[in-house]
Structures are given as C-alpha cells and as structure tokens.
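Reviewing the structure listed below.
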Amino acid sequence: MKSPALCCPPLASASPLVTTRSLLRAVLDRIAHWHQNARGRAQLAAMDARMLKDIGLSRSEAWLEANTPFWKDAAPAPDRRPPYPTDLRGSTDLPARKLR
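Position in the sequence shown (first residue = 1) + 9 = my numbering.
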C-alpha cells in the first residue's frame, strides 16, 4: 500500500498551467453567471401583468429584481404564507376542531 505522501502530490506542486486554467475557468464561469443574471432580469422587465401573475410576482417585486445589478445574485423569495392558518379562500375563520 502506498503512503498518502507518495500517491497524492501536494497542492503547492501544481503546475502554473493548471493553476492558470482553473483561474480562467472560474473567471469564465462567473462571467457566464452574470450574463445569465442580466438576461433573466431583462426578460423579467419585459413581462406584462398577466405573465407576472402567472409566476406569482407583483409589478413592484419584478421591478426590484429587474433593477438589481447583474453582479448581485437574487435575494431569496419571501415566504408568502401567512403566519396563521387559513382555509382555501384565505379566511382565518376556521371551524373549531372536534375533540375525540
């Protein structure tokens, strides 16, 4: 059995070419991510009220996201559930549970 020192070269011995490639790959991945952000936000800005309603966003939420700079990632969606139980119509007047 080989010792770990013989089978796995230390990170410091990585060739400059490998390091340069990994750095270039990381930069290109980040640029592609930014491009995807910009394209998605442009599409969001172009949506009409019906389309926004279909995806569950208000015009103001869409405006905020569409006007976020491309280098900033989207904020997590707010929890839209009410903090209290409701029935299917949104009423808070729920019938009392029968005790067994």
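Just so it is clear, CB atoms sit at the ideal spot from N, CA and C, and this is done for glycine as well. Note that the structure is a prediction, hence the values are computed from the model and not measured.
Residue-chain proximity (residue i, chain B), Cβ-Cβ < 7 Å
i     : result
Arg50 : This model lacks chain B altogether; it includes just one protein chain.
Distance between residue j and residue i (C-alpha atoms, nearest Å)
i     : j     : result
Leu32 : Arg59 : 43 Å
Thr47 : Ser24 : The question names Thr, but residue 47 is Ala in the sequence shown. Looking at the two C-alpha atoms, the distance is approximately 35 Å.
Val27 : Arg34 : 10 Å
Gly65 : Gln45 : 21 Å
Pro78 : Glu70 : 15 Å
Val36 : Asp63 : 35 Å
Neighbourhood of residue i by C-beta, 7 Å cutoff - its chain only, sequence neighbours within 5 removed
i     : result
Trp80 : Trp43
Neighbourhood of residue i by C-beta, 8 Å cutoff - its chain only, sequence neighbours within 5 removed
i     : result
Ser67 : Leu61
Ile40 : none
Residues near residue i by beta carbon distance below 6 Å, same chain, minus five either side
i     : result
Thr29 : none
Check: Would the stretch 39 to 58 and the stretch 66 to 82 be scored as touching if the rule is three or more Cβ pairs under 8 Å?
Finding: yes
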